[in-house]
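Remarks on the structure that follows.
Numbering (our numbering), first residue to last: 4 to 49.
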């Protein structure tokens, strides 16, 4: 999955879903952190 195109809501759902593999959850959290550090609000509004 291309996490860079996922909405903020989708990333949170992936990160918090215990049924997802840890690698997928970690990747979603890393993308959220990347966006926060970059200050990319346009990708984080949804």
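Ideal Cβ positions, reconstructed from N, Cα and C, are used throughout, including at glycine. All figures in this text were calculated on a predicted structure; none of them were measured in a lab.
Do you know offhand how far residue i's Cα is from residue j's?
i	j	result
residue 36	residue 24	19 Å
residue 30	residue 13	12 Å
residue 4	residue 40	21 Å
residue 26	residue 42	24 Å
residue 32	residue 22	15 Å
Going by DSSP in three states, residue i sits in which element: helix, strand or coil?
i	result
residue 8	helix
residue 27	helix
residue 21	coil
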